[in-house]
Amino acid sequence: MELQAMYIQVLALVIFAIGIIVAISRRNLFFVLMGVELALNAVNLSFVGFAKTLPAEASITGQIVPLFSIAVAAAEACVGFAMVIMIFRNKESVDADSYSDMKG
Amino acid sequence: MLLHLLVIAPFVAAILMVLNSRDDSNSSSRMAILMGVAFAVMSVALIVTGNQATAPMEWFHIPGTRGPVYYYLYAHGLGSWMVFLSCGLSLVALISARSTTGKNYRNFAIGIFALMGAMNGTFLAADAVLFFFFFEAMVIPAAILIAGFGGEKRITAALTFAIYTLVGSAPMMVALWYLLTIADNSLLLSMAVAIQSLPAEHQALVLLSFLLAFLVKTPIFPFHGWQAITYSEAPAPLSAILTGAMSKAGVFGFIAWVLPIFPLNLNYISGLMWLGLLTAVYGALMALRATDGKRLLAYSSMSHLGFAVAGVFSLSEAMLPAVLVLLVAHGISAGVQYFLMGVAERMTGTRDITEMGGLSGKNPVFSFLFGTAGVMALAVPGTAGFVGEFTVLLSLWDLGPLPALVGGFCLILSATYVLRFIQKVIFGKPAREYQEGTRTTALEGVAFGSMLVLLLAFGLHPAFVTNSLHLFDEATPEETAAAESLEGATAAPADEHPMTEDELRELDSTLAASGFSEEERAALMAQIRSMEETDSAAVQDSAVVDSLATDSSSATDTGSVVDTTVAAAAPETPAVETEKTEASENE
Amino acid sequence: MTYLPLWFIPLFPLIGTILLGTIAVVSSGAKKGPSEGLVGTLAVLFPALSFAVVAILACTMPEAGLRETLCNWIDIPLFRADIGFLFDGLSRIMLLFVTGIGSLIAMYSIGYMHGDRGFARFFAYINLFLFSMIVLVLADSLLLTFLGWEGVGLCSYLLIGFWNQDIKNCKAANKAFIVNRVGDVGFLLGMLTLVTIGGSSILNYDGLAAFIKMIFGANMVSEVVLPLSLAGALIFIGCTGKSAQIPLLTWLPDAMAGPTPVSALIHAATMVTSGVYLLARLGLMFSMLDQVLLVITFVGMFTALWAAIAGLLQNDIKKVLAYSTISQLGYMFMAAGVCAFDASIFHVFTHAFFKAALFLGAGAVIHALAGEQDMRRMGGLINKTPVTACVMIFAFLAIVGFPGFAGFWSKDLILERLFVSGPIVGPLVYVVGLATAVITAVYMGRLIIMTFFGKYRGSKESEEHIHEAPAVMLFPMVILAFGAIFSGYLWADSIGITFFRDSMASVVGEAQALYAASNAVSHVNPVIFAALGTVAALGGMFIAWKVFGHARIIGVKGASTVPEGSAASWTFLWDYIHCAFIAGVNILAWFCDVVVEKVLQAIQWTLAAIVEILGDGASVLQVRKVRLQLAFSIAGVALLVMLVVFSGGLV
C-alpha cells in the first residue's frame, strides 16, 4: 500500500503538538528541551513528507534540507544544554519557573 | 591585492594577536608593532602605486533590492591618504600604548587592529553597502576599547559614543536601503542615477539621512554631543586615532558619497558651509574655555574639521586638494598632540591643564615635542596645516569675503587656545606636587618626532599629498565607468549592439599592445563577456542614464564636483573608455 | 658671470638652527650644559657666513637684481606658488644689516647669556629667527614672505617667553603672538584678495609689478583700484601688527620681557621693520592707492606722537626704548605713506644701528646692575661704565637727530619728504613730525640723564658689583656706535651724497615717480629742514636737561617698574581697547560653554530619557514565566499563520 502523504503530515502534527505541550507544561528544564527537540523533529518529518509528493529529482532537495536542520538541531542542543548546566550551577534548580531574571 | 591586504589583514592580525600570552605584554607588543609597521608600509605603498581597484565580487543580495552588494575595493588619492592616516596613527598608538596599558596590551592591540581594518574598509569601499558596513563596524572596537581602557567615566563615554553615532547613522541605513530598491546596484553611479528619478521631497529626505550620519561622525555643531566626553575619556592613543583618522570618515563621506550622489542645490551647499564655519568658531570658543587637556584637543579638532567641511562645501576648483591637505595635516598634528597629551597625563597623573605646568624644566625633550606639535597645529607657514588652511581659505574667499573673514577669525582663536594650552602644560612652575609617571620613551620620541617631520615635509612640499589627486580627477570617470560595466552596459546607447567575438579579440590585442599583462586582460575579457549576457535586460534603463547626464549638468550649476562626476558617468562607449584611462595611467 | 646661489644665504642659519637645536635637545637631560665656547662659536659662525655671502652678492649684484626659483611649493587648481628668491637693491640693504647686525648681536649674546641653562636653545632660536628674517626679505613672492613673516613672529614668541619658568614672560609672549596673528590674518586675507584680482601669479612681486603696469597700460585703473585698495588695506593691517603701529601696538612694550639682545635684534632692528619693508616692496601697488596711503600716513603720524608721549612716562629703561622704537617706526610709516620709500628704508637702516646700540647699551647696563631695569634706581653710571655710556650717548645723539649723526640725515629726509608731499596734509604731518622729534629728544634725554648722570640711587651693596661688560659684549656695541655715527653719510642730501637713493632707485624709483607725477611736489631747500630739525633736537635736549637734570628723582622701594598713577592708564589705553575685544570673545565663549552646550546636553538627555521611559513601559508586556512566554510566542505564530491564511495569502 502506498503511504499517503497526508498520514505523514498528521503524524508530524501529532508529534509536534506533543512536543509543544511538553515544552509548555513541564517545569523541568530537561523536559522542556526534549519537547523542543521533539517539535523540531516533527517539522523535519513534515518536510520529508512533503518532499515525497514531488517528482524524484526535486524530492532529493527536500530530503537534504532536514539533514541540515538535524545538524543545526544538534548544535543547538549542545549550546542549550551547556546553558542549562551553567544556569543550574547558579540556581541549583532545573525548575523553568525559577528562571525569571530576564524580566527587566 | 594591496587593497585586500589593507582591509582584511588587520582583522587577521587581530586574530593572530590572540595567540599571544595575555600576561607577557612585551612579546605581544613586539608582534603588534611589527605588524603595525607592515600595515604602515603597505599604506605608503598604496599611495605610491596610485589608483587601483579590486575585481568586484558579489557579496550578498539584500531582499527587496534590485542588484547585488559587491565586495569591491577602490583606492583613489583621498582614500589612500586616509588609509595612511589610519595605519600610521595606529602604529604610533601601538607604540605609545606600551607604557600605559600594561598587562592588557594584547587586548588593546586586538582592538586597535580591528578598528584599523574597519577604518581602512570605510575609506576604500567602492560599494555603498560595504562602506556603510565598515562605517558602522568602526564604532564597535572603538567603543569596546574606550570601555576597557578609558578614564573614570569610561562606561558612560563608550555608551554615549556608540549610541550617538549608531543612532546618527541609522537613518542613513534606511535611506540606503530605500535607494537600493530603486537603483540597479549599490555602486556610486547607479545610486546617483537612481536619485534623479525621485521627487524632490524624497531626495531631500534621503539626503538629510545621509548628511546626519556624516554630521554626527565629523562631528558638526549641533551634533557634537558625543565627542568631548568620548575623546577625553578614551585612552590617549585611541583618542589620537579617533580624531586623526576615524573622524575623517565624516568629511570623507561628504566628499566621496554625498557630493557625487546628490544633486545639491545652493541652499544646502551654503547651509552646510555656514554650518561648518559655525562649528569652527564654536569649537574654537569651547576650546578657549576647556580646562581638561583632552577636551580642549577634542574641541580644537572639532574646529578644524568644521573648517574642513566648510572648505568642502565651498565647492571651488581647489577644494579637493585643499581639503585633503588640511585633513592630512590635521590628522597628523591632532594625532601627535593627543599622543603627547597622553604622555603628559601619564607623567602628571591628571588631565586638568590648570594642575600641570613646568614640564619644560622637568622633561625638556617632551616639552620640545609638545611645543613643536602645538606650533604646528597653529598652521604656521612651512607646516602642512598652513597649506591646508590657506588653500581652504582661498576656496572660501571664492564665495565672498565673509566666510573667509570667519575663517580668519578662527585662525586667531586657534592661536589663542593653542598658546594657552602650551603655556599651561609646559611653561611656568608646576601647579602642584605629584608623583612623576613614565617619561617619553625613546621609541615614542622617535615616533612623535617623525610625525612632526612629516608635517614639515608636507608643508614645504605639499605635492606629496596633492599629486595623488591628479590621479583622482581621472579616477572618478574610471570608477563610475567601471561601475557601469558592472551594470551590464546599462549606460550604453540603446541602439548599440553587443560586442562580437571579433571586436573582443581586437580589443584584446589593443590591450596587449598597451602593456596589459596576461591575467589582467583575461579578467577584463571575462568581465566584458559577462556584462554582455545581462545586457539585453538592462537596455531600457539606458534612456534614463542618457537624460541624466544633461539634466544634472544643467541643474547643478554650483556643484562642479557633482557635475564632473555625473557628467563623466555617461561616456559613449564606457567599457573601452575605461580601459583607455587605465592604459594611459599604466604608461 | 656666475653668482653665488641665493639659497646659500638662508641655508647657513638653517644649518645653525638644526645643529644648535640638536645640541640643545640632546644636552637638555644632562646635568651640565654643552660647552659655551662651542655653542657660541657655532651661533656666530653661521650668521657671519651668511653675512659674507650677502656681502659678496651685494658687491657683484647686477643693477636689475638676481632672481632664482628653487622649486615648486604649492600646485593645485586655482593656485600655484613657487619657492623663489629675489635679490635686488631693496633686499640687499635689508639683508646686509639683518645678517650683519644679527651676527654682532649673536656675538654680544655670548656674553649676555653666559651661564644661562638654555644657552644652546637661545642661539638655536636666534639662528631660526635669522633664517626666517632672511626668507622674509629674500622671498620673491608674498606667500614666501609670509612664511618668513610668521616665522619671525614665532621666533619672537619663543624668545620673549625664553625664560618660561616665569608665567609673566609667557603671557607677554602669548600676547605678542596673538596680536601679531591678528595682523597676519589681515595679511593672509590681503593675499587672497590679490589672488582673486589677478590670479596666483600676482603674488609674485615681479608678477604684481607687471600686473600694475598692465593696468596702467590698458587704462583700467579705476576698475581695479577698489579691490586693490582692499588688498592694500588688509596687507597694511598685517604691517601694523608686525611693526607695532596703531591699533596693534600693545605687544611691543610687553615684548621687552625677553632677553635684551632679543629686544635689540628682533624688537628694534629687524623684525619690527619688516612692515616698512613690505610697504616698500609693494610700493608700486601702494603708489596708486591714494586712500590707503593717506591712512598709512595718519596711522604713522599718530603712532609716532602717541608712542613718544608714552615713552615720556616710562620708568623701565627697556620700555622707554620700546616706545621709542614704536615712535620711530611711526616715522617710517609716515614716509611710506607719502611714497618716500627710499627715505623710509633709509631710516630703517640708520635706526637699526642706533636703536640696536641703545638696546645693547641698555643690556650692558642691566647686566652691570644684575638685572635692574628701573631707571629710578640707576644714575651716575658714566663713571663706572664709560664705554657703555659713550656708546649710548652716541646712539642718543643719532636718534634725536643731532647734526652729523645718522638720525639727523634720515629723519630730516623724512620730514622734508612729508612737507613737500602735498598742499594741506603735508605741512600738517610735518608739524606733528617735528613736534614728535622734540618729544623724542626729551624722553631720550631723560633716559640718558637718569641712567648715566647724577648720583647712583640704588642700594649701597649693589653699587659694589657694578662692572663694565666683557669685551665680547663691548665689541659689537662699539661697532654699532660707529654705525650710529656714520651710516647716515650714505645719503647725506645736504652735502650731495645720494649713494643710498641710487642703490634703491631700481626698486622703488618707479613707484615714487608715479606718486610724484600725481601729487604736485614743490621743491624746498633742504637746508631749511636740516636747520629746523636741528633746532628741534637741541630744543628737546635743552628741555630734558632743564626738567630732569636737576629734578630730584625719588628712589623707589617696590619691584614694579610700571608707571605710577594715571600715567599707566594713559600709556596703556590701547590695552584697554584690546581688552574690550578679548572680553567680547570671552563672553561669547562663556555663552557657548554655559548656555548653548548645556541646552544641547539637555536636549540629548531629554531624548535619551524619553527612550528610556518608553522602554520601561514596553517591559511591562514581558511575562515572568519562561514557559508562559513560550506559549505566548507559539500562540503568536499560530495567530500570524491564521491571519495569513484567512486573508488569502501573502501576496
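Protein chains in written order, with my numbering: chain A, 18 to 121; chain B, 171 to 757; chain C, 105 to 755.
Using N, Cα and C, we set each Cβ at its ideal position, and we do this for glycine too.
This structure is a prediction, so every number in the text was calculated from the model and none was measured.
| Check | Outcome |
| --- | --- |
| Apply the 10 Å Cβ neighbour rule to residue 233 of chain B and answer buried if 16 or more other Cβ atoms are within range, or exposed otherwise. | exposed |
| Which residues does DSSP pair with residue 587 of chain B in a beta bridge? | DSSP, once it has assigned bridges, lists no residue as partnering residue 587 of chain B. |
| So for residue 521 of chain B, helix, strand or coil by DSSP? | coil |
| Do residue 454 of chain B and residue 584 of chain B have their C-beta atoms closer together than 7 Å? | yes |
| Quick check: the Cα distance between residue 338 of chain C and residue 573 of chain B, rounded to an integer number of angstroms? | 16 Å |
| Within its chain, find whatever has a CB closer than 7 Å to the CB of residue 477 of chain C; leave out the 5 residues flanking it on each side and keep chain order. | 420, 421, 422, 470, 665 |
| Determine the DSSP secondary structure at residue 489 of chain B, reduced to helix, strand or coil. | helix |
| How should residue 515 of chain B be labelled, buried or exposed, when 16 other C-beta atoms within 10 angstroms of its C-beta is the threshold for buried? | buried |
| Residues of chain C with a CB under 9 Å from the CB of residue 599 of chain B: which are they? | 269, 270, 271 |
| If we call anything under 7 Å between Cβ atoms a contact, is residue 519 of chain C one with residue 534 of chain C? | yes |
| Can you tell me which of the three DSSP states residue 379 of chain C falls into? | helix |
| Using beta-carbon positions only, say whether residue 174 of chain C and residue 111 of chain C come within less than 7 Å of one another. | yes |
| Identify, in the order they occur along the chain, each residue of the same chain with its Cβ nearer than 7 Å to the Cβ of residue 59 of chain A, setting aside the five sequence neighbours on each side. | 29, 32, 33, 36 |
| Counting only Cβ pairs nearer than 8 Å, list the residues of chain C close to residue 117 of chain A. | 728, 729, 730 |
| Could you list which residues in chain C have their beta carbon closer than 9 Å to that of residue 37 of chain A, in chain order? | 734, 735, 738 |
| Between residue 22 of chain A and chain C, is the shortest Cβ-Cβ distance under 7 Å, so that the two count as touching? | no |
| Assuming residue 406 of chain B contacts residue 509 of chain B (C-beta within less than 8 Å), just tell me the rounded distance between them. | 6 Å |
| Mapping DSSP to helix, strand and coil, what is residue 480 of chain C? | helix |
| Once you ignore the five residues that flank residue 504 of chain B on each side, which residues in its own chain have a CB closer than 8 Å to its CB? | 410, 413, 414, 467, 470, 471, 474, 547 |
| Report all residues from its chain with a CB closer than 8 Å to the CB of residue 616 of chain C; omit the five preceding and five following residues, and keep chain order. | 387, 391, 443, 444, 445, 446 |
| Identify, in the order they occur along the chain, each residue of the same chain with its Cβ nearer than 7 Å to the Cβ of residue 292 of chain B, setting aside the five sequence neighbours on each side. | 301, 304, 305, 308, 419 |
| Which residues mark the beginning and the end of the beta strand (DSSP E) in which residue 172 of chain C is found? | 170-180 |
| How far does the alpha helix (DSSP H) with residue 619 of chain C in it extend, from its first residue to its last? | 603-622 |
| In terms of alpha-carbon separation, which member of C/233, C/306, C/109, C/649 lies closest to residue 558 of chain C? | C/649 |
| Taking any Cβ of chain B, which residues in the segment 163-184 of chain C have a Cβ under 9 Å from it, in chain order? | 175, 176, 177, 178, 179, 180, 181, 182, 183 |
| Alpha carbon to alpha carbon, what distance is there between residue 68 of chain A and residue 26 of chain A? | 11 Å |
| Under a three-way DSSP split, which group does residue 221 of chain C fall into? | coil |
| Quick check on DSSP: helix, strand or coil for residue 191 of chain C? | strand |
| Could you say which of C/456, C/541, C/705 lies nearest to residue 590 of chain C if we only look at CA atoms? | C/456 |
| Around the C-beta of residue 205 of chain B, are 16 or more other C-beta atoms found within 10 angstroms, so that it is buried, or is it exposed? | buried |
| Please report the straight-line C-alpha distance between residue 611 of chain C and residue 299 of chain C, rounded to a whole angstrom. | 23 Å |
| Could you check whether residue 345 of chain C and residue 404 of chain C sit closer than 7 Å to each other, using their CB atoms as the reference points? | no |
| How is residue 45 of chain A classed by DSSP in three states: helix, strand or coil? | strand |
| Would you check if the segment 491-503 of chain B and the segment 529-539 of chain B touch, i.e. whether three or more CB-CB distances between them fall below 8 Å? | no |
| Exposed or buried, what is residue 95 of chain A when buried is set at 16 or more other beta-carbons lying within 10 Å of its beta-carbon? | exposed |
| When you compare the CB of residue 539 of chain B with every CB in chain C, is at least one pair closer than 7 Å? | no |
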